[in-house]
Amino acid sequence: MTAGDEAGADSGSAASPEWADMRHPTSEPSVTALDADRLARVALTWIAEPGNRSVFRLVQQYGAAGALALLREGGTPDDSLRKTVAARLSAGDPLAVAAEAMERADRLGARLVTPTDDEWPRPVADLHRLVLGGSTRRVDRETAPPLCFWVRGGHPLAETLDRSVALVGARAATGYGVHVGTELAYGLAERGWTVVSGGAFGIDAAAHRGALTAGGLTVSVLACGLDRPYPMGNAALFDRIADTGLLVSEWIPGADPLRPRFLIRNRVIAAATRGSVLVEAAARSGATQTMHRALAMARPAMVVPGPVTSTMSVGAHELLRQYPEARLVVSPAQVLEEVGRIGGDLAPPVRGPARVRDQLDDEATMVLEALPRRGVHGVDDIAARSGVVARTALRKLALLEELGLVNRRGDGYALSPARPTTRTPTDAATANAQRRPQGPQGPP
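Heads up: take any position in the sequence shown, counting from 1, add 1, and you land on the working numbering.
This is the structure:
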């Protein structure tokens with residue numbers, strides 16, 4: 002599953018088998034050696050899935066420790082949340098589970114980051130106003146800001162994400178998609194931007210590898226514990242990312258990559274970055290869900306077009322058709338024009354091959370266009386046709402001859418049978434100088 006290709010189902014409320022090895026601790030650890038708020042935030046992400054709006058509101062109102070105490074007592078009007086919490090509490094003590102998770106993270110070389118830390122990415126707070134209209138799925142309601150992040154890697158999280166772009170797409174990507182994804186990521190990383198994706202096969206992996214090849218930073222946001230990165234086939238890639246970039250997750254070490262967690266994770270990819278780019282997505286692809294979240298937060302949402310005959314681009318093209326605010330991009334420069342600061346990172350205009358006529362001023366253009374397609378014409382005739390005086394016409398005809406656009410024949414001029422397309426005035430002057438016979442050289 003990718004950042005990416007998972008349809009998303011409602012998350013279950015029962016304790017899942019992944020927590021079996023955490024059920025043994027039953028006594029609360031002493032909180033004198035641990036920050037109560039940090040420990041409570043970890044516990045809350047265990048007893049309820051990250052992004053739960055009811056839990057987030059309780060934390061806002063009572064603080065993390067107060068919200069945890071309230072939930073343990075069953076004090077929430079949300080019936081679904083109350084059942085989920087009851088099932089988790091039957092599996093073990095949340096504070097003991099949280100303490101064990103922090104020990105696991107320490108052994109893994111990972112760290113916990115909370116909103117009170119300097120490296121907390123402030124843009125994720127925008128998730129507070131994310132509302133996905135028209136959906137009745139529970140997973141689409143799990144859009145609250147994160148309570149904490151687990152991070153593996155040496156770079157500060159906020160600083161790494163400050164200039165970042167999400168690049169997501171199909172897991173079953175075509176060769177075209179992998180090529181484009183790699184090139185875009187390489188170009189962005191080469192320009193000093195962090196590339197963020199989900200670590201899956203296909204476009205995600207291409208994005209990470211492109212950034213790594215450029216010697217840039219890349220971040221993989223996981224939908225599972227840092228010690229169980231998914232898919233395992235990308236284990237070597239995850240290690241490379243951790244060595245030079247960052248692995249990030251909301252789930253405690255040991256958490257499995259359950260299906261609903263990918264869509265919950267996707268909201269972070271959309272919120273933590275300056276903008277999101279979609280490279281290939283089939284109809285109803287999970288990758289488009291990341292884009293929907295970016296659009297709902299009024300973040301730049303960009304789409305790379307694909308062949309109209311490719312089923313792997315149907316979702317991408319549909320996004321462009323349905324949302325006028327989604328922008329079509331084909332290069333790193335165009336991506337940066339969308340996400341860069343106002344007045345900076347402007348993409349150069351797309352131009353065709355340089356033509357000699359592009360170098361001509363208005364008078365030279367009028368003289369050239371006044372020449373009939375056939376025959377030889379005198380200077381006075383050409384001047385009259387072009388509306389310039391004879392002296393000006395003669396000067397412009399000399400320039401056009403040097404550029405190879407006209408030929409002089411006796412006392413008149415005619416259009417050249419084959420016109421050059423990329424020669425410039427500088428090229429003409431150089432060639433003309435080389436044709437002139439050289440006189441005897443004087444003494445140095």
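C-beta: ideal position from N, C-alpha, C; glycine also.
In terms of DSSP beta bridges, what is residue i paired with?
i, result
"Ser-387", "Looking at the DSSP assignment, Ser-387 forms no beta bridge with any residue, so it has no partner."
"Val-413", "The question names Val, yet the displayed sequence has Gly at residue 413. Gly-413 is bridged to Gly-379, Arg-410."
"Phe-150", "Val-114"
"Val-181", "Paired residues: none, contrary to the question."
"Gly-405", "In DSSP, Gly-405 forms no bridge with anything."
"Gly-170", "Val-280"
"Ala-334", "Ala-334 is not bridged to any residue."
"Thr-366", "Beta-bridge pairing links Thr-366 to no other residue."
"Leu-248", "Arg-153, Ser-221"
"Met-303", "Val-278, Arg-328"
"Thr-195", "Ser-165"
Cα separation between residue i and residue j?
i, j, result
"Val-280", "Ala-212", "15 Å"
"Glu-364", "Asn-408", "18 Å"
"His-209", "Gly-216", "11 Å"
"Val-351", "Trp-252", "Residue confidence is low: Val-351 scores 48 on pLDDT, short of 50, so the model does not pin down where it sits. No coordinate-derived value is stated."
"Gly-276", "Gly-405", "48 Å"
"Thr-33", "Glu-101", "Model confidence at Thr-33 stands at a pLDDT of 41, short of 50, so the residue's coordinates are unreliable; what they give is reported in the following sentence. Approximately 16 Å between the Cα atoms of the pair."
"Arg-130", "Met-298", "7 Å"
"Asp-22", "Arg-322", "Residue placement at Asp-22 is poorly supported in this model, since its pLDDT is 46, which falls under 50; the coordinates are not used for a value here."
"Phe-150", "Val-315", "34 Å"
"Ala-1", "Gly-170", "Nothing can be reported for residue 1, as the shown portion of the chain is limited to 2 through 445."
"Thr-77", "Thr-312", "46 Å"
"Thr-423", "Gly-110", "Per-residue confidence for Thr-423 stands at a pLDDT of 48, beneath the threshold of 50, marking its modelled position as unreliable; no derived number is given."
"Glu-326", "Gly-154", "35 Å"
"Glu-160", "Val-152", "13 Å"
"Tyr-187", "His-180", "11 Å"
"His-156", "Leu-247", "7 Å"
"Leu-158", "Met-292", "22 Å"
"Arg-198", "Ser-165", "A small fix is needed here, since residue 198 is Ser in this sequence, not Arg. Cα-Cα distance, rounded: 10 Å."
"Val-196", "Asp-127", "20 Å"
"Asp-244", "Glu-50", "28 Å"
"Leu-72", "Arg-83", "7 Å"
"Arg-392", "Asp-381", "9 Å"
"Ala-237", "Ala-206", "11 Å"
"Glu-29", "Ala-282", "Here the model assigns Glu-29 a pLDDT of 49, short of 50, so the residue's position is not dependable, and the following value carries that caveat. Their backbone Cα atoms lie some 47 Å apart in a straight line."
"Gln-61", "Ser-250", "22 Å"
"Ala-284", "Arg-139", "21 Å"
"Tyr-63", "Gly-75", "15 Å"
"Asp-240", "Asp-359", "52 Å"
Among the options, whose alpha-carbon lies nearest the alpha-carbon of residue i?
i, options, result
"Ala-334", "Arg-375, Gln-323, Leu-185", "Leu-185"
"Trp-121", "Ala-273, Arg-58, Ala-206, Leu-128", "Ala-273"
"Thr-115", "Ala-44, Ala-87, Gly-75, His-180", "Ala-44"
"Glu-319", "Glu-338, Gln-290, Val-340, Leu-337", "Gln-290"
"Thr-85", "Gly-64, Ile-48, Glu-403", "Ile-48"
"Arg-357", "Leu-401, Ala-70, Met-292", "According to the sequence as given, residue 357 is Val; it is not Arg. Considering only alpha carbons, the answer is Leu-401."
"Ala-145", "Leu-158, Pro-124, Arg-164, Asp-163", "Pro-124"
"Gly-134", "Leu-128, Met-233, Arg-142", "Arg-142"
"Ala-174", "Glu-104, Ala-317, Met-233, Glu-50", "Ala-317"
"Asp-228", "Val-60, Ser-417, Arg-105, Leu-369", "Arg-105"
"Ala-278", "Ala-284, Glu-403, Arg-328", "Note on residue identity: the sequence assigns Val, not Ala, to residue 278. Selected option, being the one with the closest Cα: Arg-328."
"Val-336", "Leu-168, Ala-68, Arg-374", "Leu-168"
"Ala-394", "Leu-361, Pro-373, Met-367", "Met-367"
"Asn-235", "Leu-369, Arg-172, Thr-117", "Arg-172"
"Arg-396", "Glu-338, Leu-369, Phe-202, Val-56", "Leu-369"
"Arg-374", "Asp-80, Ala-415, Arg-108", "Ala-415"
"Met-233", "Glu-403, Gln-61, Pro-258, Gln-360", "Pro-258"
"Leu-162", "Asp-119, Arg-58, Pro-254", "Asp-119"
Roughly how far, in whole angstroms, is the beta-carbon of residue i from the beta-carbon of residue j, given that I think they are within contact range, below 8 Å?
i, j, result
"Gly-178", "Ile-204", "6 Å"
"Ala-455", "Ala-66", "The structure shown does not extend to residue 455, since the chain is modelled only from 2 through 445, so no value can be given for it."
"Val-486", "Gly-413", "Nothing can be reported for residue 486, as the shown portion of the chain is limited to 2 through 445."
"Val-340", "Pro-301", "5 Å"
"Arg-294", "Val-222", "At roughly 13 Å, the Cβ-Cβ gap does not stay under 8 Å, so Arg-294 and Val-222 are not in contact."
"Ile-242", "Thr-219", "6 Å"
"Arg-39", "Leu-90", "Arg-39 to Leu-90, Cβ: 20 Å. No contact."
"Pro-230", "Gly-200", "6 Å"
"Ala-474", "Cys-225", "This structure gives no information on residue 474, because the portion of the chain shown stretches from 2 to 445."
"Ala-399", "Ser-387", "About 14 Å separates the two Cβ atoms, so there is no contact after all."
"Thr-46", "Leu-148", "6 Å"
"Ser-55", "Asp-80", "Rounded, the Cβ-Cβ distance is 10 Å, inconsistent with contact."
"Ala-41", "Leu-69", "4 Å"
"Tyr-324", "Leu-296", "6 Å"
*Given 8 Å, three or more beta-carbon pairs between the stretch 304–312 and the stretch 190–198*: Below 8 Å, too few C-beta pairs join the stretch 304–312 and the stretch 190–198 to call them touching: fewer than three.
_Under 8 Å: do the stretch 89–104 and the stretch 262–270 share three or more Cβ pairs, one atom per stretch?_
Taking 8 Å as the limit for Cβ pairs, the verdict is that the stretch 262–270 does not touch the stretch 89–104.
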